[in-house]
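Novice:
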Amino acid sequence: MTTPTVSFEVFPPKSIDAAFKLWDTAQALAPLAPRFFSVTYGAGGTTRDLTHDAAAVLHRTLGLPVSAHLTCVGASVAETMDVAEKFHAAGVTEIVALRGDPEGGADKFTPHADGFKNSVELIEALALLDKFTIRVGAYPDCHPDAVSQHANVQYLKRKFDAGADEALTQFFFEPESFLRFRDQCAAAGITKPIIPGILPITNWTSARKFAERCGTKIPAWMDEAYRAAERDNRTELLSTSLCTELCSELVAEGVDSLHFYTLNRPELTRDVCRALGVTPQTQMSNVA
Ligand code: FAD
């Protein structure tokens, strides 16, 4: 089996304790020579400065590419572009450009009066600067705001046409979700890379809640599998094997890069990477 390349999403810390966890995560995963670390932007832009600082420090200390997330929520066009410029000044030249979720748990996204109205406008503005690698979100199980899967795919096409270089997907639980989506995107004329987002499950209850919120399909067998694993105190083993199996099936289908949602907990991600053959040695020989 081919060894995939990997990348890792982390979130910015809000306390000293969390800062150590982020540091431990970076230390544990950097030796796997990821293509990049990505740093999230808190809902509603709440971690604007923390995202900047975490992305800048990771870039400076690890010497690896860092992709900073940026959303359109709660900020004017000028403020959003100012954040982008500050990323660039700190050496962060890759951005994950997103619309973001509605503020305060609202159902519908309402743009800031002077802000970008959607992700396409943000991508166009960033592309005009011509100094960032632009990544965007993609939704194999369909985004809840999309009127149909066709619209979901067409919207991703618009984001690529606006200047995106690569898409990172929302997480999904079964390989078919991604493979079907990849086929639909190819049929729509999308030729740029679409990298599957992988969630190693550290807590099934919260992963399930999160999946419900973002429209990820939850296979019925997973509830039963986690119920049994919890009873036998083997949830970690179940998560490692399920995630490894998901990744292996994707790699067998020609996927050559995986993006892991680490939640700043590196152990499971590292174990899955190891099972896939992603070790410091192989990655170094890949680079050579
Ligand atoms: P878009 O792709 O722009 O829109 C989502 C869907 O809505 C589209 O598929 C389309 O069908 C429909 N739609 C939207 N606008 C229009 C329109 N004008 N016309 C027609 N259809 C439209 N959130 C954060 O707050 N911070 C983060 O750091 C963060 N990181 C993320 C990273 C990844 C890889 C992913 C996949 C998601 C992330 N999110 C994050 C969540 C994201 O903000 C939400 O999923 C949000 O609801 C959609 O953002 P988007 O840019 O992907 O949406």
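What the sequence shown shows, in my numbering, is residues 28 to 315, in sequence order. Ideal Cβ positions, reconstructed from N, Cα and C, are used throughout, including at glycine. None of these values were measured; they are calculated from a predicted model.
(1) Taking the CB atoms as reference points, tell me whether I222 and H286 lie closer together than 7 Å.
(2) Would you check whether the ligand FAD has a heavy atom nearer than 6 Å to the C-beta of Y182?
(3) Who are T98's beta bridge partners in DSSP?
(4) Roughly how many angstroms separate the alpha carbons of V123 and F199, rounded to a whole number?
(5) Whole alpha helix (DSSP H) runs in the region 180-228 with 4 or more residues, listed along the chain?
(6) Does the distance from the C-beta atom of P167 to that of F208 stay below 7 Å?
(7) Under the rule that 16 or more other beta-carbon atoms within 10 Å means buried, what is R258, buried or exposed?
(8) Nearest to T70 by alpha carbon, out of G132, D210, E193 and P227?
(9) Could you pull out every unbroken alpha helix (DSSP H) segment of at least 4 residues lying fully inside the region 108-177, listed in chain order?
(10) Would you call the region 146-153 and the region 69-84 in contact, with 3 or more CB pairs under 8 Å?
(11) Within 10 angstroms of the Cβ of W248, are there 16 or more other Cβ atoms? Answer buried if so, exposed if not.
(12) For the ligand FAD, is there a heavy atom less than 6 Å away from the beta-carbon of D259?
(13) Do you know how far the Cα of L125 is from the Cα of A140?
(14) Let me make sure I understand the geometry here. Which of P92, R75 and T88 has the alpha-carbon closest to that of A111?
(15) How many Å lie between V24 and L295 at the Cα?
(16) Quick check: the region 151-164 against the region 173-181, are at least 3 beta-carbon pairs closer than 8 Å?
(17) So T271 packs on L226, CB below 8 Å; how close in whole Å?
(18) Since L285 is in the beta strand (DSSP E), which residue starts that stretch and which ends it?
Specialist: In short:
(1) yes
(2) yes
(3) L125
(4) Their backbone Cα atoms lie some 19 Å apart in a straight line.
(5) Runs of the alpha helix (DSSP H) inside the region 180-228: 202-214.
(6) yes
(7) exposed
(8) Here residue 70 turns out to be Ala, not Thr, going by the sequence shown. The option with the nearest alpha carbon to A70 is G132.
(9) 146-156
(10) no
(11) When all chains shown are included, W248 counts as exposed.
(12) no
(13) 17 Å
(14) R75
(15) The shown model of the chain, from 28 to 315, leaves out residue 24, and the question about it has no answer.
(16) no
(17) No, T271 and L226 are not in contact; Cβ-Cβ is about 13 Å, not under 8 Å.
(18) S284 to Y288
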